[in-house]
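Let me begin by presenting the structure, written as structure tokens, before commenting on it.
Numbering (UniProt numbering), first residue to last: 1 to 160.
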């Protein structure tokens, strides 16, 4: 399926992952019966997102409204989550573990390698939800795993 037709699916997946009600679409014809021009709005968790364009068919109007809603939600998460994620926290592995359990996902696995050089450096790759994430270097295996888990959490929140 082409990317332009997947916005409704992505918005529905977001609602399910976030345990909020599914999106509700409202589409109106602002044109004539022989020259329809559809505008759609979608309600997500009580917020209404209305497209600023009209389309010749309902499907395209709903996809655009879903795209607009997803962009607004991602922007909100980016702007409000950056300050919520500390850089030097030792709890990222626990947060990721709890998230996996709550969402009924396979638990994350960690693979840590030692960097070359005189100063011991470690880097960890985290496999989670069929994706592999690589963190930055840490001074210990434990720190490298926490940094890797942080990269996964940032991805989940849409910050990467």
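Note that CB positions come from ideal geometry on N, CA and C, so glycine has one too.
- Linking residue 153 to residue 34 through their CA atoms gives a straight-line distance of about 49 Å.
- The closest CA to that of residue 136, considering only 9, 142, 148, is found on 148.
- Residue 16 and residue 9 have their C-alpha atoms roughly 11 Å apart.
- Proximity to residue 155 across 121, 143, 128 peaks at 128, based on C-alpha coordinates.
- DSSP, reduced to helix, strand and coil, places residue 148 within a helical segment of the structure shown.
- In its chain, beyond the 5 residues on either side, 8, 25, 27, 40, 42 have a beta carbon closer than 8 Å to the beta carbon of residue 62.
- Residue 102: member of the alpha helix (DSSP H) spanning 92 to 102, first to last residue.
- Counting other Cβ atoms within 10 Å of its Cβ, residue 19 stays below 16 and is therefore classed as exposed.
- Short of 6 Å from the beta carbon of residue 151, and not among the five residues preceding or following it, lie these beta carbons of its own chain, in chain order: 133, 135.
- The secondary-structure analysis by DSSP pairs residue 127 across a beta bridge with 109, 132.
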